[in-house]
Amino acid sequence: MRNLLTNIRKLFTYRRPVDTEGGFELLEDEFEKSDTEEVPSEKYGVNTGNPSNQEKSKKGATVKQPIKVEQWNKQKNNQGGKIPTSNMRQNIISTDLNVNKEYIRQSFSMPKNQDIVIREFRIARKLKAFIVFIDGMVDKTSINQFVLPQLMNPECLAGFSGDCPLDYIMEDVLSITQLTKTADFNITKIQALNGLSILFVDGCPEALMIETSGFEKRGIDRPITEQVVRGSQEGFTENLRTNLTLLRRIIKNEKLITEVIPVGKLNKINCAILYIEGVTNPKIVREVRRRIKGINIDFIEGNGMLEQLIEDNPFMLFPQVVTTERPDRASSFLAEGQVVIITEGDPFAIAVPMSFFRLFHSSEDSMLRWEYGTFLRMIRLVGVLSALMIPGMYVALALYHHEMIPTPLLESIARMRENVPFPTIIELILMEISFELIREGGVRIPGVIGQTLGILGALILGQVAVAAGLASPLLIVIVALTGLGSFTMPNFSMAISIRILRFFFIFAGGIAGFYGISLAFILVAAIACHMKSFGVPFLTPVAPRVKINPDVIIRHPIFRQKMRSDGFNTPNRKRAGNNAMEWTKEKGGDDQ
Numbered sequence: 001m002r003n004l005l006t007n008i009r010k011l012f013t014y015r016r017p018v019d020t021e022g023g024f025e026l027l028e029d030e031f032e033k034s035d036t037e038e039v040p041s042e043k044y045g046v047n048t049g050n051p052s053n054q055e056k057s058k059k060g061a062t063v064k065q066p067i068k069v070e071q072w073n074k075q076k077n078n079q080g081g082k083i084p085t086s087n088m089r090q091n092i093i094s095t096d097l098n099v100n101k102e103y104i105r106q107s108f109s110m111p112k113n114q115d116i117v118i119r120e121f122r123i124a125r126k127l128k129a130f131i132v133f134i135d136g137m138v139d140k141t142s143i144n145q146f147v148l149p150q151l152m153n154p155e156c157l158a159g160f161s162g163d164c165p166l167d168y169i170m171e172d173v174l175s176i177t178q179l180t181k182t183a184d185f186n187i188t189k190i191q192a193l194n195g196l197s198i199l200f201v202d203g204c205p206e207a208l209m210i211e212t213s214g215f216e217k218r219g220i221d222r223p224i225t226e227q228v229v230r231g232s233q234e235g236f237t238e239n240l241r242t243n244l245t246l247l248r249r250i251i252k253n254e255k256l257i258t259e260v261i262p263v264g265k266l267n268k269i270n271c272a273i274l275y276i277e278g279v280t281n282p283k284i285v286r287e288v289r290r291r292i293k294g295i296n297i298d299f300i301e302g303n304g305m306l307e308q309l310i311e312d313n314p315f316m317l318f319p320q321v322v323t324t325e326r327p328d329r330a331s332s333f334l335a336e337g338q339v340v341i342i343t344e345g346d347p348f349a350i351a352v353p354m355s356f357f358r359l360f361h362s363s364e365d366s367m368l369r370w371e372y373g374t375f376l377r378m379i380r381l382v383g384v385l386s387a388l389m390i391p392g393m394y395v396a397l398a399l400y401h402h403e404m405i406p407t408p409l410l411e412s413i414a415r416m417r418e419n420v421p422f423p424t425i426i427e428l429i430l431m432e433i434s435f436e437l438i439r440e441g442g443v444r445i446p447g448v449i450g451q452t453l454g455i456l457g458a459l460i461l462g463q464v465a466v467a468a469g470l471a472s473p474l475l476i477v478i479v480a481l482t483g484l485g486s487f488t489m490p491n492f493s494m495a496i497s498i499r500i501l502r503f504f505f506i507f508a509g510g511i512a513g514f515y516g517i518s519l520a521f522i523l524v525a526a527i528a529c530h531m532k533s534f535g536v537p538f539l540t541p542v543a544p545r546v547k548i549n550p551d552v553i554i555r556h557p558i559f560r561q562k563m564r565s566d567g568f569n570t571p572n573r574k575r576a577g578n579n580a581m582e583w584t585k586e587k588g589g590d591d592q
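Numbering (full-length UniProt numbering), first residue to last: 1 to 592.
Take a look at the structure:
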């Protein structure tokens, strides 16, 4: 009995694990001690001559007294360790080349980090220097042909007289387009991680950052999620500079401003904020800048994570930004007074602020005649309402409002459901979940196989469910119409919101019929009225009612869209002259 109690006590008593050879175990106390444990004197061969350096505590444990800081620094210097300088602690570049080199080695964990290259050489065969870059992030051809040969030329400093030749190198030696000086070590590290080469010269308190980036990147391709029949066939890529160039090619205006802000303490990803000065409200620009600079997180993967960190209502179901992978559509957002945000490594751009009705617009609408664009928008609106309301209305009619169904149709529905063992609401939910599984599986399987699986899976599942008596044929038709309606939504995030809200309306119809659906619709509308996107009401320009550009649901002709929407409160609301087609004023041939 005593041994049993002893074993039970050992289960709840912490015992320091015994180190075993050949195994790895991450222990929290060891990790913490690595930062707090004092350095023993014996490790550095220090004999203090004081026997009290190892004293016994009350429990008999050995207590090691720390050595002085000056003595520790002296021992480290004698052993070739870290070089402690006030400049390094302040992240200021030193005039001592060895100090700078050691700081680079420590910062990038060399030699463990094997893709960091330090190339030592002599400028004009007499002045010591070294260049730092990351292998794979730079264009070695530029370094080998336009940097090192010019710096190592014996005559490159023939016209220089002074202590620090950086200015002379920038003006008279290097034939590189972008050269920048800095005295901050942090800036040099960030720019080296972005693909620049950093030049350190002995005796110079600054470093020269040389634009030599040349890493591999994907070329411009057709957009995948926003394909159109008419319009541009170019889409954004993962390279930030390429995306900014695509926008500059469309908007050739000096008022197009690009601000780049690093986000993420760990990966320091570049985030570009674009807006047109004089068109975009400065308050919106300041708010976007404030929110992005106020992000305190280690890792940002792309616009999807950034969107969740800057939106007004993170717990709301509706999207609060507009996402696009088309440069032409992003340019139209800029022209309307919105701010476009592009993150490095993400082929999508987001535009803020936004309104609910923008989610129904497609990039192809402006390329088509106004009659065609209006027709397509009506189709999308009908599709979204069908995907949202039809399943719940079917449940409400089948359970509570039989009198609203024509008698022949009611009899037909009753005959079709004779062999179905489930209640109507359970039957509908099972089929909706099955359809969602097929759709998600088709998306995750790559290539044409995924599309084929989605179509064949839906057909086979519906036929087998009807044959087995698990679902009625009418329910299969309703689920199919619901799925097709959700596909008409141009915005992917809004389409997911509709798919989720569909189940909310199904439960509301199953609980209280049309009364439940009405209350659910009022609740969703109230939430939408309460939402804002960077201070702009979500349902603008309808709620609240403001002066609008006639391009909300019904797409009016382009020559009648003379004003920008008042919802964004742009400084310049006028987007076209009183007569957009001034050629109609003059009759006759061309001027001679």
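All C-beta atoms, glycine included, are put in the ideal place defined by N, C-alpha and C.
In this structure, does DSSP put residue i in helix, strand or coil?
i: Pro-282; result: helix
i: Tyr-44; result: Low confidence applies here, because Tyr-44 scores a pLDDT of 38, under 50, leaving its location unreliable; read the following figure in that light. Helix, per DSSP.
i: Asp-551; result: strand
i: Tyr-372; result: helix
i: Arg-415; result: helix
i: Pro-473; result: helix
i: Leu-196; result: coil
i: Asp-365; result: helix
i: Thr-323; result: strand
i: Tyr-400; result: coil
i: Thr-225; result: coil
i: Thr-482; result: helix
i: Leu-274; result: strand
i: Ser-533; result: strand
i: Val-173; result: helix
Let's test the definition: count the other Cβ atoms within 10 Å of the Cβ of residue i and tell me whether it reaches 16, buried, or not, exposed.
i: Phe-360; result: buried
i: Asp-328; result: buried
i: Pro-319; result: buried
i: Asn-186; result: exposed
i: Tyr-275; result: buried
i: Lys-574; result: exposed
i: Ala-349; result: buried
i: Met-404; result: exposed
i: Arg-545; result: exposed
i: Asn-419; result: exposed
i: Arg-222; result: exposed
i: Val-340; result: buried
Measuring only the C-alpha atoms, how far is residue i from residue j?
i: Met-170; j: Asn-578; result: 52 angstroms
i: Glu-440; j: Lys-293; result: 36 angstroms
i: Lys-181; j: Leu-208; result: 5 angstroms
i: Ile-445; j: Leu-453; result: 9 angstroms
i: Pro-541; j: Ser-565; result: 7 angstroms
i: Glu-301; j: Pro-262; result: 13 angstroms
i: Pro-473; j: Phe-521; result: 28 angstroms
i: Gly-214; j: Ile-176; result: 14 angstroms
i: Ile-251; j: Asn-296; result: 33 angstroms
i: Ala-580; j: Ser-366; result: 16 angstroms
i: Ile-220; j: Val-260; result: 22 angstroms
i: Leu-461; j: Ile-134; result: 54 angstroms
i: Ile-342; j: Ala-351; result: 9 angstroms
i: Ile-257; j: Glu-277; result: 7 angstroms
i: Val-395; j: Thr-242; result: 51 angstroms
i: Lys-358; j: Arg-326; result: Going by the sequence as given, residue 358 is Arg instead of Lys. Each residue's alpha carbon lies about 15 angstroms from the other.
i: Val-466; j: Gly-235; result: 43 angstroms
i: Thr-95; j: Pro-353; result: 49 angstroms
i: Asp-551; j: Arg-560; result: 10 angstroms
i: Glu-120; j: Lys-101; result: 10 angstroms
i: Gln-150; j: Arg-122; result: 11 angstroms
Residue i and residue j look like a contact to me (Cβ under 8 angstroms); what is the Cβ gap, rounded to whole Å?
i: Ala-272; j: Leu-309; result: 16 angstroms between Cβ atoms; not a contact.
i: Met-393; j: Ile-476; result: Met-393 to Ile-476, Cβ: 17 angstroms. No contact.
i: Cys-164; j: Val-132; result: 18 angstroms between Cβ atoms; not a contact.
i: Thr-570; j: Val-279; result: 6 angstroms
i: Ile-210; j: Val-384; result: That pair is no contact at about 53 angstroms.
i: Val-479; j: Glu-432; result: 6 angstroms
i: Ile-506; j: Leu-428; result: 6 angstroms
i: Gly-485; j: Val-536; result: No, Gly-485 and Val-536 are not in contact; Cβ-Cβ is about 28 angstroms, not under 8 angstroms.
i: Arg-502; j: Thr-482; result: 7 angstroms
i: Cys-204; j: Leu-166; result: 5 angstroms
i: Ala-335; j: Leu-247; result: Not really, about 11 angstroms apart at Cβ, beyond 8 angstroms.
Checklist entry - How about the region 508 to 518 and the region 399 to 408: do they share at least three Cβ pairs that are nearer than 8 angstroms? => result Cβ pair count under 8 angstroms is three or more, so yes.
Item to check | Meets three-Cβ-pair contact criterion under 8 angstroms: the region 189 to 197 and the region 150 to 166 | outcome: Contact fails: fewer than three Cβ-Cβ distances are below 8 angstroms.
Next on the checklist: Whether or not the region 362 to 379 and the region 544 to 558 are in contact is what I'm after, with contact meaning three or more pairs of Cβ atoms, one per stretch, closer than 8 angstroms; do they touch?
Outcome noted: As far as the Cβ criterion goes, the region 544 to 558 touches the region 362 to 379, which means the pair count is three or higher.
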